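Visitor: Below you'll find the structure I mean.
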Amino acid sequence: MPAAVYKPSPLVRNPSYFGLKTDKNHKRHKKSISWVDVSDEEDRGKKSLKRRNSAVNGHHDSAVNGHKHKKRRHSNDSSPQVNGAGPSQINGTLGTKAKALQEQRSQLPIAKGRDALIEEIRQNEVTILLGETGSGKTTQVPQYILESGLARNGMIAVTQPRKVAATSLAHRVAAEQNTTLGDLVGYAVRFDEKSSDQTRIKYLTDGMIVRELMSDPLLSNYSVIIVDEAHERTLRTDLLIANLKNIQKQRNQPSDAKGKGKANTSNPLKIVVMSATLDAEKFSKFYHNAKIIYVKGRQHPVKIYHAAESQLDYADAAMRTFFQIHTDQPPGDVLIFLPGQEDIESLQKSIELYAKQLPADKPAVLTCTMFAAQDHSQNNKAFNPTPPNMRKCILATNIAETSITIPGIKYVIDTGKCKEKQYLARISGGGFDTLLTRDITKSSAMQRTGRAGREGSGVCFRLYTEEAFQNMAVSGEPEILRCSLTASILNLKTLGQNLEELDLMDKPDFDTIASALKTLWLLGAIDQKQKLTPAGRKMAAFPLEPQYSCAVVASVQYNCVAPVLDIVSILSSSSKLFLDVTDQRTAAAEARRMFVHPRGDHLTVLNAFRAYKEIAAADSKSVRREWCRKHFLNERTFIEAKDIREQLVLVCRRVGINVEGEKEGGEEEEDGVIRSMGHGLAGNSAFLQPDGTYKQTMGQTIIKIHPGSSICDKKVPAIIYDDLMYTNQIYARGVSSIPKSFFLSVQAFNQRQA
DNA sequence: GAGCACTGC
558 MPAAVYKPSP LVRNPSYFGL KTDKNHKRHK KSISWVDVSD EEDRGKKSLK
608 RRNSAVNGHH DSAVNGHKHK KRRHSNDSSP QVNGAGPSQI NGTLGTKAKA
658 LQEQRSQLPI AKGRDALIEE IRQNEVTILL GETGSGKTTQ VPQYILESGL
708 ARNGMIAVTQ PRKVAATSLA HRVAAEQNTT LGDLVGYAVR FDEKSSDQTR
758 IKYLTDGMIV RELMSDPLLS NYSVIIVDEA HERTLRTDLL IANLKNIQKQ
808 RNQPSDAKGK GKANTSNPLK IVVMSATLDA EKFSKFYHNA KIIYVKGRQH
858 PVKIYHAAES QLDYADAAMR TFFQIHTDQP PGDVLIFLPG QEDIESLQKS
908 IELYAKQLPA DKPAVLTCTM FAAQDHSQNN KAFNPTPPNM RKCILATNIA
958 ETSITIPGIK YVIDTGKCKE KQYLARISGG GFDTLLTRDI TKSSAMQRTG
1008 RAGREGSGVC FRLYTEEAFQ NMAVSGEPEI LRCSLTASIL NLKTLGQNLE
1058 ELDLMDKPDF DTIASALKTL WLLGAIDQKQ KLTPAGRKMA AFPLEPQYSC
1108 AVVASVQYNC VAPVLDIVSI LSSSSKLFLD VTDQRTAAAE ARRMFVHPRG
1158 DHLTVLNAFR AYKEIAAADS KSVRREWCRK HFLNERTFIE AKDIREQLVL
1208 VCRRVGINVE GEKEGGEEEE DGVIRSMGHG LAGNSAFLQP DGTYKQTMGQ
1258 TIIKIHPGSS ICDKKVPAII YDDLMYTNQI YARGVSSIPK SFFLSVQAFN
1308 QRQA
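Using this note's numbering, read the first sequence as starting at 558 and increasing by one per residue.
Pasting the structure below:
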């Protein structure tokens, strides 16, 4: 093998940011932020707390730190009203498994601070809990609150940005409480709910509780709401945090406030915001300087190496570093973080190529790739145990940063890059998303590093200098500043709220709001005075992008509700329908040709869905799977779309849209479908230009049809599209041909409907 | 001529 391959990238050893075992490390860490272990004794912790608290609210004492925590979790007796909510059969009847769980619980870093923590929450309306990964905060805090009686008779909600987190946490906590899932401990995520009258601790996605706002604006079923992973600043978390501030004001204040005699003083609300990273003060300030409590985590130490000089080619640097690890370091799998699929696939090829030239005495290399667009069976290969005398090398996107934990990782190679979607708002022609490679943030770097220390001590190689690390932003821009607000604004309108008046932690800029309002007006969802129209109220009832709920509402006119539901169900599914395996593109295109509709992607999707439903009705699971595989279709998309469709049918019934009684197929139906979609996508339309590109009808932007589209090569006079995405060029995706004459009248139609 | 990650009673 060429020597250059094994020439190590210049790397500089740095002390660990995670190995907080020694004082030396602690001091270093303090430079960025001081973590106080609630289980730790005074001196170390108090100092930092003082500094922190004086910055925040001037309180120098801390209950968390000032108490000695002799009492363990069984101390229900210390609370006024336990309400039978303690762990069931805690005495005597516990099985060995349950005992082991209790033992584990009491060993968590957070366990020793339990009483102090409860006291803080009892005394404050809002508590900010800053905890490292592995502290146990997400599973334990809700149980502490329940066992202490703080929740009275109400429920404790714990919100999560991701569905899997919500469900698996509920499983875990139900086991710890030694109860059946759905009794005392439950969860609610879209399409899946396990809860009952008995449920006191409920894990839900943030989106779920935001939806719940629409039917219960005061969230009166919950007496404690714990917002977890708040640092991720998802759009829905931000909306929730803003609403909670309002709700708490209404629920906790005496009823004389502003003539709103409805304030329910008998049902006050407590808020706990949990964050894993450095920006706790922002939450604290937002909630009137709420107290911040720190909990140290438990993580195996990870050695961090930074590159001595910046690496121009991060993929090449990653490869050299990998082989450096492979030849010099003890066994253990390697995880490489890369920005996207393209880098992953090309690096995989390079690594495999060079791995073949390894000397015989070196272990062989097994590469796995992981990214969201990849088939799940492929992604899951990373979970297979590494065969003896082999080293696994996993090439992954951000998917492995938070969503998926891969066991056995000892080494992390961090390129310091990721791709991020950013919405570019423009009033004319509508905004569009950009998807560009950029530097990661500090908290993201820490998260990636932490992936090497899940099971034992590890090593992280950062392919950027320490200086570059120091120059990184602390955390990313909140999503609310990076995405289209059309759906959120519509949903808020049904609550009588205007986004621009909402007390948000970060306020989106004017263009983003104006662009969303314009879109909503085009759809007929709001009128000239920005007031919600009856059609808009219908649209908001659907868990869909307003463009698509508008299409559903419009489809009634064309007697084609059913096929439009099929299409929007597929389009709003989280995974793509058409699988893209880079080196089998021609085969995939060939296999899909039978679904392609000359009028474009929307009807192509409809054809595929109908074909699948036919197969699904007649054949076994394995036949179905094979059929999907053969046609390069993602069966998960179909399965999810069927769930979504069922949900949409229910909403249709509720808002008085009749789904039944339409005949399938025919030109008339096709026409109606395109026209319905055209109502929703009127703002997303463009005319053909002489040079073969398209120009927006409502803006000046020149766009191209995405190469993945079924009508990419066709030069049709006018198109509608699902969205625009800027990568190398501005591409329109999800494109259909539409008669020029039609969509000029659409706007007028939408307004009339309004 | 091409694909960061999530989510919705």
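Beta carbons: idealized from backbone N, C-alpha and C, even for Gly.
All of these numbers come straight from a predicted model, not from anything done at the bench.
#1: Mark M1234 as exposed unless 16 or more other C-beta atoms lie within 10 angstroms of its C-beta, in which case mark it buried.
#2: So, helix, strand or coil for I647, using DSSP?
#3: Near K751, which residues of its chain fall below 6 Å by C-beta distance, leaving aside the five closest residues on each side in sequence?
#4: So, with DSSP's three-state summary, where would you put M831?
#5: So what's E750 in DSSP terms, helix, strand or just coil?
#6: My understanding is that L904 touches A939, with C-beta atoms under 8 Å, so please give their C-beta distance in whole angstroms.
#7: Please classify H1154: does DSSP put it in a helix, a strand, or coil?
#8: Within 10 angstroms of its Cβ, does Q680 collect 16 or more other Cβ (buried), or is it exposed?
#9: Just mark R1142 as buried or exposed, buried being the case when its beta carbon has 16 or more other beta carbons within 10 Å.
#10: In this structure, how does DSSP classify C1117 when only helix, strand and coil are distinguished?
#11: Tell me which residues share the same chain as V730 and place their Cβ nearer than 8 Å to its Cβ, disregarding the 5 neighbours each side in the sequence.
#12: Identify whether D1248 lies in helix, strand or coil by the three-state DSSP scheme.
#13: Rounding to the nearest angstrom, what Cα-Cα distance links H883 and K1133 in this structure?
#14: What span of residues does the beta strand (DSSP E) with A1030 cover, start to end?
#15: Among all the DSSP beta bridges, which residues are the ones paired with G688?
#16: Output the residue ranges of the alpha helix (DSSP H) runs that lie fully inside the stretch 1209-1240 and measure 4 residues or longer, sorted by chain position.
#17: Is the stretch 1111-1129 touching the stretch 1176-1186 in the sense that three or more CB pairs, one from each, lie closer than 8 Å?
#18: What does the Cβ neighbour count give for Y1288, buried or exposed, with the cut at 16 atoms within 10 Å?
#19: What does DSSP give as the partner residues of N979 in its beta bridges?
#20: Work out the CA separation of D1280 and D990 for me, nearest whole Å.
#21: L1061: buried (16+ other C-beta within 10 angstroms of its C-beta) or exposed?
#22: Rounding to the nearest angstrom, what Cα-Cα distance links V852 and S1045 in this structure?
#23: Decide if Q1253 is buried, meaning its Cβ has at least 16 other Cβ atoms within 10 Å, or exposed.
#24: Is it the case that the CB of K802 approaches a heavy atom of the ligand SAH more closely than 8 Å?
#25: Taking buried to mean at least 16 other C-beta atoms within 10 Å of its own C-beta, is E689 buried or exposed?
#26: What residue range is occupied by the uninterrupted alpha helix (DSSP H) comprising A929?
#27: Cα-Cα, which of A1002, L992, E1012, G1237 is closest to I966?
#28: Distance, Cα to Cα, K1272 vs L1245?
#29: Indicate the three-state DSSP secondary structure (helix, strand or coil) for L568 in the structure shown.
#30: Identify every residue that forms a DSSP beta bridge with D890.
#31: Can you tell which of S1041, A1145, V1162 has its C-alpha closest to the C-alpha of F1152?
Guide: Taking the coordinates as given:
#1: buried
#2: For I647, the predicted model reports a pLDDT of 43, less than 50, meaning its position is unreliable; a value from the coordinates is still stated below. It is coil, neither helix nor strand.
#3: L738, G739, G743, Y744
#4: strand
#5: Taken through DSSP and simplified to helix, strand or coil, E750 comes out as strand.
#6: Actually they are not in contact, since the Cβ atoms of L904 and A939 sit about 15 Å apart, beyond 8 Å.
#7: The three-state reading of DSSP puts H1154 in coil, since its state is none of H, G, I, E or B.
#8: exposed
#9: exposed
#10: In the structure shown, the three-state DSSP call for C1117 is coil.
#11: T696, P699, Q700, V742, I758, Y760
#12: coil
#13: Taking the CA atoms as reference points, H883 sits about 35 Å from K1133.
#14: Unbroken run through A1030: none, as it is neither H nor E.
#15: V852
#16: Secondary structure remark: continuous alpha helix (DSSP H) runs of at least 4 residues inside the stretch 1209-1240, in chain order: 1224-1237.
#17: No contact exists between the stretch 1176-1186 and the stretch 1111-1129.
#18: buried
#19: In the sequence under discussion, the amino acid at residue 979 is Gln, which differs from the Asn named in the question. DSSP lists T991 as partners of Q979.
#20: C-alpha of D990 to C-alpha of D1280: approximately 8 Å in a straight line.
#21: Label assigned to L1061: buried.
#22: 34 Å
#23: Looking at its Cβ environment, which holds 16 or more other Cβ atoms inside 10 Å, Q1253 is buried.
#24: In terms of ligand content, the structure shown is empty, and the ligand SAH therefore cannot be addressed.
#25: The residue is buried, with at least 16 neighbouring Cβ atoms inside 10 Å.
#26: Segment: none, A929 is in no alpha helix (DSSP H) and carries neither H nor E.
#27: E1012
#28: Spanning the two alpha carbons is a distance of roughly 7 Å.
#29: Confidence at L568 is low in this model, with a pLDDT of 41, below 50, so the placement of that residue should be treated as unreliable; the coordinate-derived value is given next. In the structure shown, L568 sits in a strand (DSSP, three-state: E or B).
#30: I966
#31: V1162
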